[in-house]
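J.:
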Amino acid sequence: MGVTMDGTKQQRRGNTRQRIQDVALELFAEQGYEKTSLREIAERLDVTKAALYYHFKTKEEIIVSLFEDLTKPIEDLIEWGRSQPHTLETKQDLVRRYSEALSGAEPLFRFMQENQATVRELRIGDAFKDRMRGLRDILIDPEADLVDQVRSVSAMFTLHAGMFVMQDLEGDPGKKREAVLEVALGLIAQAHEHAREKD
12 MGVTMDGTKQ QRRGNTRQRI QDVALELFAE QGYEKTSLRE IAERLDVTKA
62 ALYYHFKTKE EIIVSLFEDL TKPIEDLIEW GRSQPHTLET KQDLVRRYSE
112 ALSGAEPLFR FMQENQATVR ELRIGDAFKD RMRGLRDILI DPEADLVDQV
162 RSVSAMFTLH AGMFVMQDLE GDPGKKREAV LEVALGLIAQ AHEHAREKD
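Residue numbers (this note's numbering): 12 to 210.
1) My guess is that A116 and D159 are in contact by the Cβ rule of under 8 Å, so how many angstroms apart are they, rounded?
2) Would you say K187 and M174 are within 7 Å of each other, going by their C-beta atoms?
3) Applying the 10 Å Cβ sphere with the 16-neighbour rule, what's the burial state of F39?
4) Could you check the C-alpha separation between T27 and M167 for me, to the nearest Å?
5) Please classify G92 as buried or exposed, where buried requires at least 16 neighbouring CB atoms within 10 angstroms.
6) Let me know the secondary structure DSSP gives S48 once reduced to three states.
7) Give the straight-line distance between the Cα atoms of I74 and I52, rounded to the nearest whole angstrom.
8) Go through the segment 93-164 residue by residue and report every complete run of the alpha helix (DSSP H) that reaches 4 residues or more, in order.
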């Protein structure tokens, strides 16, 4: 199995890691986190348990690594948002990008929703709450009325609700995402307008 270019091997290793994560999440969704063993994950991937072990020693490691990989875009977003002017454009851009990051992390959020005890145990929830606070602080104007602060925070949760609550509603997933995003952007604009009127 010759490697044609430098880096291909590295990349393939990265892909194996991702495949393990994806398959693990599928199995967790099908039969529950507790009931899934590393052996079953290896079997479905058609690799030896030793090959799986090379990447992850435990189920916990798989979930924690998934969480870190999929929430990295959210961290990057917070970094970006903090360095931008506190304008409506920045906030709306942040909401748009957050919508994209969430859509990439959807299977993980479903896992978090359905396995809250595990999430608590692995302390993933704490890290996630920190990220939520980071986003919130960029979206909120400290001098805004409480109602407008709630509007700004609600924009974030509108996107979360869009992921979970809207899933079983009829309709094209892309259109649903756009509709959810439109509502979130509207909330941000409304809060921002009110703040401007007060100046």
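Ideal Cβ positions, reconstructed from N, Cα and C, are used throughout, including at glycine.
T.: Checking against the coordinates, here is how it stands:
1) Position 105 of the sequence shown, counted from the start, is the residue given in the question as residue 116. Position 148 of the sequence shown, counted from the start, is the residue given in the question as residue 159. Going by Cβ atoms, the distance from A116 to D159 rounds to 28 Å, so no, they are not a contact pair.
2) Position 176 of the sequence shown holds residue 187. Position 163 of the sequence shown holds residue 174. No, these two residues do not count as a Cβ contact at 7 Å.
3) Counting from 1 along the sequence shown, the entry for residue 39 is found at position 28. With 16 or more other Cβ atoms within 10 Å, it is buried.
4) In the sequence shown, residue 27 corresponds to position 16, counting from 1. In the sequence shown, residue 167 corresponds to position 156, counting from 1. Approximately 33 Å, taken between the alpha carbons.
5) Residue numbering aside, residue 92 sits at position 81 when the sequence shown is read from its first letter. G92 comes out buried.
6) Here residue 48 refers to the residue found at position 37 of the sequence shown. Note: S48 maps to coil in three-state DSSP.
7) Counting from 1 along the sequence shown, the entry for residue 74 is found at position 63. Counting from 1 along the sequence shown, the entry for residue 52 is found at position 41. One C-alpha to the other measures close to 13 Å.
8) 99-115, 117-125, 127-132 and 135-150
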